[in-house]
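Counting from 9, one number per residue, gives the positions in the sequence shown under our numbering.
All C-beta atoms, glycine included, are put in the ideal place defined by N, C-alpha and C.
Computed from a prediction, not measured in an experiment: that's the story for all the values here.
Following: one structure in structure tokens, then a few remarks.
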Amino acid sequence: MDLHKLKIFVDLSHTLNYTDTAENLFTTQGNISKQILAMEKELGVSLFKRAHRKIELTQQGEIVLPYAKKVIQDYSDLLVNLNDFQDAKNLTIEMHTIPTMPSYKSFNMITQFLQKHPEVHMQLREEESYNLLTSLKAGKCEIIFARTFDFDDESLERIVMEDDDFVAVLPKNHPYAGAEKIDLQKLKNDRFLILGPTTNLYEPVLKLCRNAGFKPQITYEGTRVDLIMQMVQNNMGISVMMAKTARNFNSDEFSFVPLTTNIANSLCFIRLKGQHSSANNMF
Numbered sequence: 009m010d011l012h013k014l015k016i017f018v019d020l021s022h023t024l025n026y027t028d029t030a031e032n033l034f035t036t037q038g039n040i041s042k043q044i045l046a047m048e049k050e051l052g053v054s055l056f057k058r059a060h061r062k063i064e065l066t067q068q069g070e071i072v073l074p075y076a077k078k079v080i081q082d083y084s085d086l087l088v089n090l091n092d093f094q095d096a097k098n099l100t101i102e103m104h105t106i107p108t109m110p111s112y113k114s115f116n117m118i119t120q121f122l123q124k125h126p127e128v129h130m131q132l133r134e135e136e137s138y139n140l141l142t143s144l145k146a147g148k149c150e151i152i153f154a155r156t157f158d159f160d161d162e163s164l165e166r167i168v169m170e171d172d173d174f175v176a177v178l179p180k181n182h183p184y185a186g187a188e189k190i191d192l193q194k195l196k197n198d199r200f201l202i203l204g205p206t207t208n209l210y211e212p213v214l215k216l217c218r219n220a221g222f223k224p225q226i227t228y229e230g231t232r233v234d235l236i237m238q239m240v241q242n243n244m245g246i247s248v249m250m251a252k253t254a255r256n257f258n259s260d261e262f263s264f265v266p267l268t269t270n271i272a273n274s275l276c277f278i279r280l281k282g283q284h285s286s287a288n289n290m291f
């Protein structure tokens, strides 16, 4: 049995969507369909029911699934053990992180860890939040530092480091700049400058606005927090941003006003469940 087919089968059993699985595994929908059909032919069973563009596992598929997961996990554990043996004298942790990690205490904790364990090497790489989980599952890194809103992936484990809240970022001369708290609905006529769809903060901000009963007038969406803050300072609009990120900027130039309603989120270190290198476990 081809290990690649098993990985495709397991991923598709989770997404139940050929497009999503193709994106997760960096291939095409046609290849996903071809591999599943080949696996069904090899096993002599139907793994998925296909009807009206929707799929679901058959009873045979449900029998195969735990065995497929075990084979993949056993192979992953084998590689980890071999890598541990080969890299015992060269301990390295590959970590991918959101660009705003320096805003959080976890950044200082990494520094403290490396000072305590000089034998460990850590390779940090910034990556847009939407791609972090994909990189982790594709084996491009061992650990990610990411923001989570809803965490329900049984293949992953995490350590929650701290929480954060959204705040309204307003120019100093804004009518509500001096408010202790603000209902987002009061800002419905303002121009919004926000982080865009390639970050995992885009949809939560839109949800906050929907919950407040309006669709925001977005005049800028991007990935650079510093540019958004500069635009707010120049009275080009207002923003809704994470409090600990926003407060890294000079508070003399802005007003940070807490929201009356918020969306819970946590900053976490996340890794796949299973066996890991000694450096990974040490961290």
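Taking the alpha carbon of residue i as the reference point, which residue from the options has its own alpha carbon closest?
i	options	result
Met290	Phe121, Ser111, Thr66 and Lys15	Phe121
Gln238	His284, Pro179, Leu267 and Lys281	Pro179
Ser111	Ser285, Phe257 and Thr231	Phe257
Ile40	Leu20, Thr231 and Ile118	Leu20
Gln283	Glu64, Asp92, Ala76 and Phe17	Asp92
Ile246	Gln37, Asn181 and Phe17	Asn181
Asp172	Asp260, Lys42 and Thr253	Thr253
Glu136	His125, Met109 and Leu24	Met109
Ala187	Gln43, Gly38, Phe277 and Leu267	Leu267
Met9	Ile118, Ala76 and Phe159	Ala76
Val53	Thr156, Ile44 and Asn116	Ile44
Lys223	Ile236, Asn242, Leu192 and Lys49	Leu192
Leu33	Lys148, Lys49, Phe157 and Gly221	Lys148
Start and end of the alpha helix (DSSP H) containing residue i?
i	result
Arg155	That residue, Arg155, is in no alpha helix (DSSP H); its beta strand (DSSP E) goes Ile151 to Thr156.
Pro212	Tyr210 to Asn219
Ala30	Tyr26 to Asn32
Thr294	An answer regarding residue 294 cannot be provided, because it is not within the stretch 9 to 291 covered by the chain.
Glu134	Segment Val128 to Glu134 is the beta strand (DSSP E) holding Glu134; no alpha helix (DSSP H) there.
Glu290	The amino acid occupying residue 290 in the given sequence is Met; Glu does not appear at that position. Met290 -> alpha helix (DSSP H) spans Ser286 to Met290.
Lys49	Gln37 to Leu51
Ile236	Val233 to Gln241
Within this structure, are the beta carbons of residue i and residue j separated by less than 8 Å?
i	j	result
Arg279	Glu150	yes
Met249	Val177	yes
Arg199	Gln225	yes
Tyr138	Thr27	no
Lys281	Glu134	no
Leu201	Val233	no
Ile167	Val265	no
Thr269	Asn197	no
Leu216	Phe174	yes
Met103	Leu73	no
Ala364	Ile106	Nothing about residue 364 can be reported from this structure: the residues present for the chain run from 9 to 291 only.
Val18	Ile80	yes
Give the straight-line distance between the Cα atoms of residue i and residue j, rounded to the nearest whole angstrom.
i	j	result
His22	Leu11	17 Å
Lys194	Ala251	19 Å
Thr35	Met244	42 Å
Glu31	Leu140	13 Å
Lys15	Lys62	20 Å
Met47	Lys13	7 Å
Ser84	Leu209	32 Å
Asn273	Ser163	20 Å
Lys97	Lys124	Any answer about Lys97 is weak, because its pLDDT of 47 lies below 50 and its placement is not dependable; what the coordinates show is given next. Each residue's alpha carbon lies about 17 Å from the other.
Ser259	Ala185	12 Å
Pro126	Thr119	10 Å
Glu229	Asn116	30 Å
Thr29	Phe277	24 Å
Asp82	Lys42	25 Å
Cys285	Asp161	Reading off the sequence, residue 285 comes out as Ser, not Cys. Rounded to the nearest angstrom, the two C-alpha atoms are 22 Å apart.
Phe157	Glu50	40 Å
Asn242	Phe159	37 Å
Leu235	Gly221	28 Å
Ile71	Ala59	21 Å
Leu86	Gly38	31 Å
Which whole-angstrom value describes the C-beta separation of residue i and residue j, a residue pair presumed to lie in contact below a C-beta threshold of 8 Å?
i	j	result
Gly69	Leu90	Wrong, their Cβ atoms sit about 31 Å apart, outside the cutoff.
Ser143	Leu275	That belief does not hold up - the Cβ atoms of Ser143 and Leu275 are roughly 17 Å apart, past 8 Å.
Ile271	Pro212	5 Å
Thr66	Lys78	That belief does not hold up - the Cβ atoms of Thr66 and Lys78 are roughly 19 Å apart, past 8 Å.
Val128	Ala287	5 Å
Gly204	Thr231	6 Å
Leu24	Glu64	6 Å
Can you name the start and end residues of the beta strand (DSSP E) that residue i belongs to?
i	result
Phe17	Taken as a continuous stretch (DSSP letters only), Phe17 belongs to no beta strand (DSSP E), being part of the alpha helix (DSSP H) at Leu11 to Thr23.
Tyr228	Gln225 to Gly230
Lys62	Lys62 to Leu65
Ser247	Ser247 to Met250
Ile202	Arg199 to Leu203
Phe121	No beta strand (DSSP E) contains Phe121, which is instead part of the alpha helix (DSSP H) from Lys113 to Lys124.
His182	Element bounds for His182: n/a, residue is neither H nor E.
Asp171	Leu164 to Asp172
Leu275	Asn273 to Leu280
CB of residue i to nearest heavy atom of the ligand ATP: below 7 Å?
i	result
Gln193	In terms of ligand content, the structure shown is empty, and the ligand ATP therefore cannot be addressed.
Looking at chain B, is there any beta carbon in it that lies within less than 8 Å of the beta carbon of residue i?
i	result
Ala30	No chain B is part of this structure, which consists of one protein chain only.
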